[in-house]
Amino acid sequence: MKRFIILSILTILTIKLMAQESNNIYFESLKLHLKYLEDLHKGKLINIYFVEADLQITNSLPREINGLTIEYLDKEAIKKKGKQSQFHLIVIKPLEVRNDKIVVNVIDYFVDYSKHNLNF
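Have a look at this one:
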């Protein structure tokens, strides 16, 4: 019985640590992408970046990174904002393992809403 309890505790701790590491990977990926965007837009003042909300990926990410404000939008908020005007949206995809490397895709979209469709 003791072995089962110890094994269960170790399993839970391992899962929790892996979840924290994956969140750190998403944070680092977003931080690098924002730095790239800031370098790309040198001279332009961009106060806020919009990121698609995902419970598994963005739930624990901060609202501010390197002095830049991040707003996480769910599907309804994306649709509402797209109806107002076209805007830039950052989407973070779940991590993948390719050729023994961890890959996180961070993709830029311009989003608008027309003819009852959300267009990315």
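Numbering (the numbering used here), first residue to last: 324 to 443.
We put the CB at the ideal spot given by N, CA and C, even for glycine.
All values derive from a computational prediction rather than experimental measurement.
Between the alpha carbons of residue i and residue j, how many angstroms are there, rounded?
i    : j    : result
T392 : D423 : 34 Å
E394 : I380 : 14 Å
K438 : E361 : 33 Å
V434 : E387 : 22 Å
P417 : I425 : 10 Å
K358 : Y372 : 12 Å
N440 : S383 : 30 Å
Spatial neighbours of residue i within its chain, please: C-beta separation below 7 Å, excluding the five flanking residues on both sides.
i    : result
I369 : none
Exposed or buried, residue i, counting other C-beta atoms within 10 Å across all chains shown (16 or more means buried)?
i    : result
G390 : exposed
E375 : buried
E344 : Per-residue confidence for E344 stands at a pLDDT of 42, beneath the threshold of 50, marking its modelled position as unreliable; the derived number appears in the next sentence. So E344 counts as exposed.
H356 : buried
S352 : buried
By Cβ distance, which residues of its chain are closer than 6 Å to residue i, with the 5 residues on each side in sequence left out?
i    : result
K430 : Going by the sequence as given, residue 430 is Ile instead of Lys. So the list reads V414, once near-sequence residues are dropped.
Who are the Cβ neighbours of residue i in its own chain at under 8 Å, not counting the five residues just before and after it?
i    : result
Y436 : K402, G405, K406, N442
I348 : L418, I425, V427
Checking contacts by CB at 8 Å: is residue i closer than that to chain C?
i    : result
K404 : Absent from the structure: chain C. Only one protein chain is present.
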